[in-house]
Amino acid sequence: MENSIKMVDLHGQYLKIKEEVDQAIQDVISASAFINGKPVEAFAGELADYLGVKQVVPCANGTDALQIAYQALDLKPGDEVLMPAFNYVASAEAAALLGLKPVFVDVWEDSFNINENLIKAKITPDTKAIVVVHLFGQSANMEPILEIGRQYGLKVIEDNAQSLGSVYQFSNGETKLTGTMGDINTYSFFPTKNLGCFGDGGAISTNDQDLAKKATMISRHGQGQKYAYEMVGCNSRLDTIQAAILSVKLRNLDSYIQNRIDAGHRYNQLFENLPKVVRPSENSWSKHTYNQYIIRLEKRDQVKELLKAAGVPSMIYYPSPIHLQKAYAYLGYKVGDFPVAEMLCNEVLALPVHTEITSKEQEYIVNTLFHSMISL
Ligand SMILES: *Cc1c(COP(=O)(O)O)cnc(C)c1O
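Anchor point for the sequence shown: position 209 equals 209 in the numbering used here, and the numbering is continuous, going up by one each time.
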């Protein structure tokens, strides 16, 4: 058992849809339209239907999606973009590459998402947009954030790389899928995301036809008519083969998400009587899809080593906050600027969670963790 526990089980997931996926790949090879073949547009339409948005613009990966979104919104060098301090690097990196200034906002220690109560204090005359990152499968608190956006004239970008299929509930009971509420929203189909392909992939969604047009143009070298470049763009395409695979997997997305939710809830139960482990909280406004199952604990690094020795893989998302990374030192932040994000980086641990995990494996993982902790 212990040798078989995986952080993710992409192969096991593939075997269950092997025939359909193999056929989809073979069809692409038979047609040999490897760039912008029919499956790309087909998948974009299917994802738009799933999300209930007007437009989906596919691109090469979720990092490009953010860069294209910033450009489509006409953000200019010097513009400030608010984003959570506890996060993957992509939203800061894409901003920095365009000369925008990433401005961090601390997060909630229980949900890991941006703390909406701290946003207003960071707004200056140069602030143009807020990137809301729905971390680990759970929606940030969108209603007050959308309200701040309206009030201050800021664009809202949802980075939905980790939470496709998650739901946000407004105070009037209305529900919306994450990645459908911002002015423009971004997705990654990196293999371990809720909807993952067999390589890199990404997309942008929006209900604004003009923004969709612009994003499409930017992703194609800023090209309007062929060889007429209306703006500086980039080359960011979703591979036809990846699109064909994604269409098959999108049909299974709801069952993948249900498996993740079941696994998350099973962990929550197994950890109920382990008070030294802080379980991830489920906000009342969000359906958590458990793209990651993140606990917090003391002596995290020692526990991680003991788990490893007992055949239980684990990961740290994220070991160091972006504001303290060398590449972003030029922004001038220092230790203590974002105390919650800094604390989380020392305490978080991601346990195996994926569509194929079994309750036996989860019991073994939790037991091993328990014994590791009491041995320290
Ligand atoms: C994975 C991820 C991205 C970027 O995805 P890539 O497809 O790897 O470029 C962006 N933001 C967040 C929060 C992510 O988790």
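Here a beta-carbon is modelled for each residue, glycine too, at the ideal position from N, C-alpha and C. Quick caveat: nothing in here was measured; it's all calculated off a predicted structure.
It is roughly 4 Å from the alpha-carbon of S188 to the alpha-carbon of G202.
According to DSSP, Q223 shares a beta bridge with Y229. Listed in chain order, the beta strand (DSSP E) elements of length 3 or more contained wholly in the segment 257-342 are 293-296. Within the segment 34-96, the complete alpha helix (DSSP H) segments at least 4 residues long are 38-51, 62-72, listed from N- to C-terminus. If the five residues before and after E298 are omitted, its C-beta is found closer than 8 Å to the C-beta atoms of K276, E347, all from its own chain and listed in chain order.
With a cut-off of 7 Å, the C-beta of N172 is classified as distant from ligand 1, since no heavy atom of the ligand falls inside that distance.
Residue pairing by DSSP places Q169 opposite T175 in a beta bridge.
Rounded to the nearest whole angstrom, the C-alpha separation of T63 and V103 is 18 Å. Per DSSP, D159 is one residue of the beta strand (DSSP E) stretching across 155-159. Between I204 and the set P191, G12, L238, Q223, the nearest pair of CA atoms involves L238. Here the alpha carbons of S255 and N367 stand approximately 27 Å from one another. A straight line joining the alpha-carbon of H221 with that of M373 spans about 53 Å. Distances between the C-beta of T178 and the heavy atoms of ligand 1 are all 7 Å or more.
By the neighbour-count definition (other C-beta atoms within 10 Å, threshold 16), V335 is an exposed residue. Under the criterion of beta carbons closer than 8 Å, E356 and D9 qualify as touching, at roughly 4 Å. Following the DSSP letters along the chain, one finds V348 inside the beta strand (DSSP E) bounded by residues 348-351. In summary, N115 is buried, with 16 or more beta-carbon neighbours lying within 10 Å of its beta-carbon over all protein chains present. At least one heavy atom of ligand 1 is found less than 7 Å from the C-beta of S188. Collapsing the DSSP output to three states places G12 in a helix. K101 carries a strand assignment under DSSP once its states are collapsed to helix, strand and coil. In this structure, G233 places its C-beta atom within 8 Å of the C-beta atom of I218. For I184, the enclosing beta strand (DSSP E) has its first and last residue at 184-188.
When the alpha-carbon of S163 is set against those of L51, F170, S139, Q169, the nearest one is in S139. Within the DSSP bridge table, the entry for I114 names V107 as partners. Relative to A72, the option among G173, S111, T206, Y317 whose CA is nearest is T206. Around the beta carbon of D301, fewer than 16 other beta carbons lie within 10 angstroms, which makes this residue exposed. Out of A69, P352, Y317, the CA that lies nearest to the CA of Y88 is found in Y317. Spatial neighbours of Q67 in its own chain (CB-CB distance under 6 Å, excluding positions within 5 residues in sequence) are listed in chain order as A94. The bridge partners DSSP lists for T127 are E80. Counting only the Cα atoms, S32 lies some 44 Å from E174. Rounded to the nearest whole angstrom, the C-alpha separation of L146 and A263 is 31 Å. A check of alpha carbon separations from V278 across D126, L369, K308 identifies L369 as the nearest. Close CB contacts of A24 within its chain, under the 8 Å cut and outside five residues either way in sequence, are with P39, A244, I245, S247, V248 (chain order).
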